[in-house]
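Number of protein chains: 4
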Amino acid sequence: MAGISLRKARTIIRKAMEHGKSEGMKPLSVVVLDDGGNVIAFERGDGASPGRFGIAHGKAYGAVMLGMSGRAQMARAEAQAYFMAAANGVFGGSVVPVPGGVILRDAKGRMLGAVGVTGDTSENDEAAAVAGIEAAGGLTAEP
Amino acid sequence: MAGISLRKARTIIRKAMEHGKSEGMKPLSVVVLDDGGNVIAFERGDGASPGRFGIAHGKAYGAVMLGMSGRAQMARAEAQAYFMAAANGVFGGSVVPVPGGVILRDAKGRMLGAVGVTGDTSENDEAAAVAGIEAAGGLTAEP
Amino acid sequence: MAGISLRKARTIIRKAMEHGKSEGMKPLSVVVLDDGGNVIAFERGDGASPGRFGIAHGKAYGAVMLGMSGRAQMARAEAQAYFMAAANGVFGGSVVPVPGGVILRDAKGRMLGAVGVTGDTSENDEAAAVAGIEAAGGLTAEP
Amino acid sequence: MAGISLRKARTIIRKAMEHGKSEGMKPLSVVVLDDGGNVIAFERGDGASPGRFGIAHGKAYGAVMLGMSGRAQMARAEAQAYFMAAANGVFGGSVVPVPGGVILRDAKGRMLGAVGVTGDTSENDEAAAVAGIEAAGGLTAEP
Numbered sequence: 001m002a003g004i005s006l007r008k009a010r011t012i013i014r015k016a017m018e019h020g021k022s023e024g025m026k027p028l029s030v031v032v033l034d035d036g037g038n039v040i041a042f043e044r045g046d047g048a049s050p051g052r053f054g055i056a057h058g059k060a061y062g063a064v065m066l067g068m069s070g071r072a073q074m075a076r077a078e079a080q081a082y083f084m085a086a087a088n089g090v091f092g093g094s095v096v097p098v099p100g101g102v103i104l105r106d107a108k109g110r111m112l113g114a115v116g117v118t119g120d121t122s123e124n125d126e127a128a129a130v131a132g133i134e135a136a137g138g139l140t141a142e143p
Numbered sequence: 001m002a003g004i005s006l007r008k009a010r011t012i013i014r015k016a017m018e019h020g021k022s023e024g025m026k027p028l029s030v031v032v033l034d035d036g037g038n039v040i041a042f043e044r045g046d047g048a049s050p051g052r053f054g055i056a057h058g059k060a061y062g063a064v065m066l067g068m069s070g071r072a073q074m075a076r077a078e079a080q081a082y083f084m085a086a087a088n089g090v091f092g093g094s095v096v097p098v099p100g101g102v103i104l105r106d107a108k109g110r111m112l113g114a115v116g117v118t119g120d121t122s123e124n125d126e127a128a129a130v131a132g133i134e135a136a137g138g139l140t141a142e143p
Numbered sequence: 001m002a003g004i005s006l007r008k009a010r011t012i013i014r015k016a017m018e019h020g021k022s023e024g025m026k027p028l029s030v031v032v033l034d035d036g037g038n039v040i041a042f043e044r045g046d047g048a049s050p051g052r053f054g055i056a057h058g059k060a061y062g063a064v065m066l067g068m069s070g071r072a073q074m075a076r077a078e079a080q081a082y083f084m085a086a087a088n089g090v091f092g093g094s095v096v097p098v099p100g101g102v103i104l105r106d107a108k109g110r111m112l113g114a115v116g117v118t119g120d121t122s123e124n125d126e127a128a129a130v131a132g133i134e135a136a137g138g139l140t141a142e143p
Numbered sequence: 001m002a003g004i005s006l007r008k009a010r011t012i013i014r015k016a017m018e019h020g021k022s023e024g025m026k027p028l029s030v031v032v033l034d035d036g037g038n039v040i041a042f043e044r045g046d047g048a049s050p051g052r053f054g055i056a057h058g059k060a061y062g063a064v065m066l067g068m069s070g071r072a073q074m075a076r077a078e079a080q081a082y083f084m085a086a087a088n089g090v091f092g093g094s095v096v097p098v099p100g101g102v103i104l105r106d107a108k109g110r111m112l113g114a115v116g117v118t119g120d121t122s123e124n125d126e127a128a129a130v131a132g133i134e135a136a137g138g139l140t141a142e143p
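Residue numbers (my numbering), protein chains in the order written: chain R, 1 to 143; chain X, 1 to 143; chain A, 1 to 143; chain U, 1 to 143.
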């Protein structure tokens, strides 16, 4: 499978965190999931609150399982809160429908997984995810 | 570990309850969690309804896991109800996003845990939590 | 209601912990539940592992809900493991069927609640619970 | 806080994985949890099965929450299967009681968290966890 290697996942995480630091963001936490919604790698920045794995995971997990980025999920939640609540029921409460969950695609447009970032504002989290993905090379971010 | 000792947790609980009594509040229940969101101590005031552990715990647990006090969570819930609903899914339904969940910090600003108070109005619960924390000495309350 | 006051619950907890210290036990954690299985008070001894609330609660909760002390539950678990597994399904996974969950009765034999102790061996946990209950006065322990 | 920094967690993970490779083990997955049972970092080796986060996490989570390494939990599970089943109910099914969950202590013996390794035999997983911890410097492994 032409999936995301651990090496690539590490690069995404480091670059997303570096982006956050260079922009003066609060400590970020970053997860990379594969195209089955399973965790490849996660790091919680020093000083971040303890529950950050769950939030980062929820952003990325919803993106993979629904095939919708966090931004698209947020739009849906604002239009139809009950839909996202129902989706959360289906997926065991593991969907966090706000920006910062970013789908990863390869050069042919195939979904390879998603990145979830949390720690600062949702918009900044999303920017860090995109920065990490673009720095990794060969991948397209769908925020 | 520079955490909260049981002795300090007891003091916080007693002082919060005394504050409630001196202000004529309804019977309070108070929990103290450590910086990992785990329970150190809890007391339910005589006459309080039986489910108070869950409410007190939920106020403090959300505060620790998200690094946001109950008041900040309430603001987020009012702006983006679906976000706090999603956070609750992630944390097993154990987040109660209203005032009365107060983060504890040490003199250097590090989060040591949180206090959760329930029983009266959310504002009064919060005031009791702050009173308990301040009476314990050496701690800062972030309501 | 002639239930367990917070004052009495505090005494039980302190005396159980003092018993543990005087006997050289590891740090104990102690919960007191009322006759509805709801938490009145809990304390985790300094140095105890973070998950002790859940274990102490599970010992006492099973005792109240089933009307069987931890020792009786253990006997049942050894004879019919599937029964205790099924009971745990019914009660949301909150039953820990080993010694250390001790039913509290008043002078007339009515169940007022239960004490759960954890931290050392199950037998020592149970001895500390009994010591705490007996020191509180007017209560009978059913280990 | 004298906890485990992300930098240290990364070192533990890399060194555990390198140990696995040098010993010819199957691809390993490694998680590092803090002393509250919350995730600091995780990596899944290329070629490992998708569910490895849950297994690695369960080994480390049980170790932190119960204050017992995976080896001690396995002994307890073999002596009293219903106890470990009950502990799993209490902790939401997140406890995997086999070797590979290793407690981390500092020079003074305080628990700082735990490492969970999965992918090869439980004994090999445990050896990789210990190798990672020892390579990180200043930490003691309790397998």
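C-beta atoms are modelled at their ideal positions from N, C-alpha and C, and glycine is treated no differently. Model, not experiment: these values are computed from the prediction.
The beta carbon of residue 112 of chain R lies closer than 8 Å to those of 2, 3, 4, 34, 35, 104, 105, 106, 139 in the same chain, with the five residues before and after it left out.
Within chain R, 50 have C-beta atoms less than 8 Å from the C-beta of residue 35 of chain X, given in sequence order. For residue 140 of chain X, the enclosing beta strand (DSSP E) covers residues 140 to 142. Distances from the alpha-carbon of residue 46 of chain R to those of R/60, R/25, R/37 put R/25 closest. Chain A has no Cβ within less than 8 Å of the Cβ of residue 42 of chain U. The C-beta separation of residue 137 of chain A from residue 98 of chain A comes to about 27 Å, leaving the pair out of contact by the 8 Å criterion. Contact between residue 95 of chain R and residue 61 of chain R is confirmed by a C-beta separation of about 6 Å, below the 8 Å threshold. Assigned with DSSP and collapsed to three states, residue 4 of chain R falls in coil, not helix or strand.
With respect to residue 40 of chain A, residue 118 of chain A sits apart: the two C-beta atoms are not nearer than 8 Å. Residue pairing from DSSP leaves residue 122 of chain U without any beta-bridge partner. If you draw a straight line from the Cα of residue 87 of chain X to the Cα of residue 14 of chain X, it comes to about 31 Å.
If you draw a straight line from the Cα of residue 58 of chain R to the Cα of residue 9 of chain U, it comes to about 22 Å. Within chain X, no C-beta atom comes less than 8 Å from the C-beta of residue 88 of chain U; the nearest is roughly 15 Å away. Within its own chain, the residues whose Cβ lies closer than 8 Å to the Cβ of residue 17 of chain R, once the five positions on either side in sequence are excluded, are 28, 30, 43, 45, 128, 132, listed in chain order. According to DSSP, residue 41 of chain X shares a beta bridge with X/32, A/43. Against chain X, the CB of residue 46 of chain A has a partner CB under 8 Å away; the residue lies at that interface. In the DSSP assignment, residue 90 of chain A falls within the unbroken alpha helix (DSSP H) covering 81 to 90. Taking 7 Å as the upper bound on Cβ-Cβ separation, chain X lies near no residue of the segment 110 to 127 of chain A. Shown here, residue 95 of chain X sits in coil according to DSSP, grouped into three states, outside any helix or strand. About 4 Å separates the Cβ atoms of residue 82 of chain X and residue 77 of chain R, confirming a contact at the 8 Å cut-off. The beta-carbon separation of residue 20 of chain U and residue 120 of chain U, rounded to 7 Å, stays under the 8 Å limit for a contact. As a beta-bridge residue in DSSP terms, residue 105 of chain R pairs with R/111, R/140.
Collapsing the DSSP output to three states places residue 116 of chain X in a strand. DSSP, read as helix, strand or coil, puts residue 78 of chain A in helix. Scanning its chain for C-beta atoms nearer than 6 Å, with the 5 sequence neighbours on each side dropped, one finds around residue 48 of chain A the residues 27, 29, 119, in chain order.
Within chain X, 42, 44, 53 have C-beta atoms less than 7 Å from the C-beta of residue 39 of chain A, given in sequence order. If you check the CB distance, residue 101 of chain X and residue 63 of chain X come in under 8 Å.
Only those residues of the segment 64 to 88 of chain R whose C-beta falls short of 7 Å from the nearest C-beta of chain X are listed: 77, 81, 84, 85, 88.
The alpha carbon of residue 53 of chain A has as its nearest neighbour, out of U/134, U/11, U/90, the alpha carbon of U/90. Contact of residue 92 of chain U with chain X is assigned, a C-beta pair being separated by under 8 Å.
Residue 127 of chain U sits in a helix when the DSSP states are folded into three classes. Within the same chain, and ignoring the five residues on either side of residue 143 of chain R in sequence, the residues whose Cβ sits closer than 6 Å to its Cβ are 69, 71, 102, 126, 130.
Shown here for residue 134 of chain X: same chain residues with a beta carbon closer than 7 Å to its own, the five before and five after excluded, namely 141 in chain order.
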